[in-house]
Amino acid sequence: MELNRRTMIAGAAAAGLAATTLGSTTAEASTGGRTPSKKLFGKLADGTKVHIWSLANGGTRLKVLSWGGVVQSLEIPDRHGRYKNVSLGFDNIEDYVAKTPYFGALIGRYGNRIGKGQFSLDGKAYQVNVNDGANSLHGGAQGFDKRVWDVEPFVKGSDVGLYLYYTSIDGEMGYPGTLKVKVTYTLTRHGDWRVDYAATTDKATVVNLTSHVYWNLAGEGSGSIYDHELSIAAARYTPVDSGLIPTGELAKVAGTPFDFRRTKEIGRDIRVANQQLLYGKGIDHNWVLDKGVTARPVQVATLRDPSSGRTLKISTTEPGLQFYSGNFLDGTLVGTGGHIYRQGDALCLETQHFPDSPNKPSFPSTTLRPGQTYRTTTIHSFDA
Ligand code: BGC
């Protein structure tokens, strides 16, 4: 009897039938166990509970915190079906709060840097929180990565996912306008991790949302990513000054260490004596994706670990990709699996609008006005 019931429920879920058709009592039963589940991960100093959500689909297993929308773990198989967590993180909330360099987090209101934290909009000057030398980085000292999000699970047809909600009030970190943000994390039946960002505002503001997963496709804590192979569909990048603020130039990658148009090992040119690599202490630059802003996600980058075969393909609607080669990991953090993270032990591929766009009229605009909806999508596809 029990077995029959389970079989029926699984069949109904596969056919996309609603739970009520079978008179199920729990959401879990209605989806054949596919509904994301949550557990307590820890508490913040003020007693606020932080939950960890677990979801799996199509061969990908994801764990997400309500704090910062953090991807705490992302497990995918290698060519022999062996799973590893390929995203750097911690196993406790205290380390996240005290010392995370944005591991796995949702970044906002403005991902990447704004020079001096200053810009003007419709003739009005704004000063936002400065937290990176003279500049503002990733939305300021208390960005979206350090906020507790409301999380709601869903199962829709063959998709499984989480809706994450955060409301950033007018003036938070110096940004104008109350911004209502909804981020959707979806695991598809193919095991793709899709991220849809949406936001609305009640005053003109600037928005640039991204995700800050630190990838190591050989497994977090397994050593350097310099032997990973990468390609980026971009003929130009945005060179920076010593504070990593773009100069405004869109420079050609041809003949530079920044040329990833053909698949290249990350470590190959990383020690070339180049002023831009000195500024970034490695690669910490925005690529100008050839396709520009698109209505639909277009594939722009492929990352592969030759030893395991694990491959990540990134498709996005965004015009830019920040490739950060984990330069500031300095051997002072112990990660999820109990290993020390050192320089180059992971890389970030942050789909975004360009850094400092609010001060660069020639860059694609990051202004959002009342009545408009900010929407971008990035899809991470895995293979081995
Ligand atoms: C930035 C780096 C920064 C890092 C924080 C990246 O997105 O480009 O400059 O150090 O985030 O860990």
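Number 1400 marks the last residue of the sequence shown (the working numbering); no jumps. For every residue, glycine included, the Cβ atom is placed at its ideal position computed from N, Cα and C. All of these numbers come straight from a predicted model, not from anything done at the bench.
Nearest to N1108 by C-alpha distance, out of A1157, V1087, S1381, is V1087.
The C-beta separation of F1339 from L1363 comes to about 7 angstroms, placing the pair in contact by the 8 angstroms criterion. The secondary-structure analysis by DSSP pairs Y1126 across a beta bridge with N1224. In this structure, G1308 sits away from T1226, with a CB-CB distance that is not shorter than 8 angstroms.
For L1337, same chain residues with a beta-carbon under 8 angstroms away, outside a window of 5 residues either side, are I1248, A1250, N1302, W1303, L1305, V1316, A1317, I1330, L1365, E1366, T1367, Q1368 in chain order. Distance from the CA atom of Y1230 to the CA atom of D1161, rounded to whole angstroms, is 14 angstroms. For E1110, the enclosing alpha helix (DSSP H) begins and ends at 1109 to 1115.
Here L1293 is not bridged, per DSSP, to any residue. In the same chain as L1260, and ignoring 5 residues on each side of it, the C-beta atoms closer than 7 angstroms to its own belong to R1129, Y1295, G1296, D1300, in chain order. Residue pairing by DSSP places G1336 opposite V1304, Q1368 in a beta bridge. A distance of 8 angstroms or more separates the beta carbons of P1262 and Q1292. Per DSSP, reduced to three states, the secondary structure at P1093 is strand.
Cβ neighbours of N1232 within its own chain (closer than 7 angstroms, five residues either side excluded): V1102, L1104, S1238, I1241, D1361, A1362. At a threshold of 7 angstroms, F1274 does not count as near the ligand BGC, since its beta carbon sits no closer than that to any of the ligand's heavy atoms. The continuous stretches of beta strand (DSSP E) do not include I1261, and DSSP gives it neither H nor E. Between the stretch 1212 to 1225 and the stretch 1181 to 1195, the count of C-beta pairs closer than 8 angstroms reaches three or more; the two stretches touch. The nearest non-hydrogen atom of the ligand BGC is less than 7 angstroms from the C-beta of N1128.
A Cβ-Cβ distance of about 4 angstroms is found for the pair P1052 and L1071, placing them in contact under the 8 angstroms criterion. At least one heavy atom of the ligand BGC is found less than 7 angstroms from the C-beta of Y1340.
In the three-state scheme derived from DSSP, where H, G and I count as helix and E and B as strand, S1053 is classed as strand. Y1182: member of the beta strand (DSSP E) spanning 1175 to 1184, first to last residue. Here L1090 is actually not in contact with W1165; their C-beta atoms are around 18 angstroms apart, not less than 8 angstroms.
The beta carbon of P1313 sits closer than 6 angstroms to those of S1331, T1332, T1333, T1393, I1395, all from its chain and outside the five residues before and after it, given in chain order. Under the three-pair Cβ rule at 8 angstroms, the stretch 1170 to 1178 does not count as touching the stretch 1135 to 1145. D1275 is bridged by DSSP to nothing; it lacks a bridge partner. Among the bridge pairs identified by DSSP, I1356 is matched with V1350. In summary, G1149 is exposed, with fewer than 16 beta-carbon neighbours lying within 10 Å of its beta-carbon over all protein chains present.
For the 8 angstroms CB-CB criterion, G1074 and V1066 do not form a contact.
In the structure shown, the three-state DSSP call for E1236 is coil. With a cutoff of 7 angstroms, F1344 counts as near the ligand BGC, since its C-beta is closer than that to a heavy atom of the ligand. Relative to the ligand BGC, the beta carbon of D1300 is positioned inside 7 angstroms of a heavy atom.
Of the heavy atoms belonging to the ligand BGC, at least one sits nearer than 7 angstroms to the Cβ of L1260. In the structure shown, G1058 adopts extended strand secondary structure according to DSSP, grouped into three states. By DSSP's assignment, V1066 forms a beta bridge with G1058.
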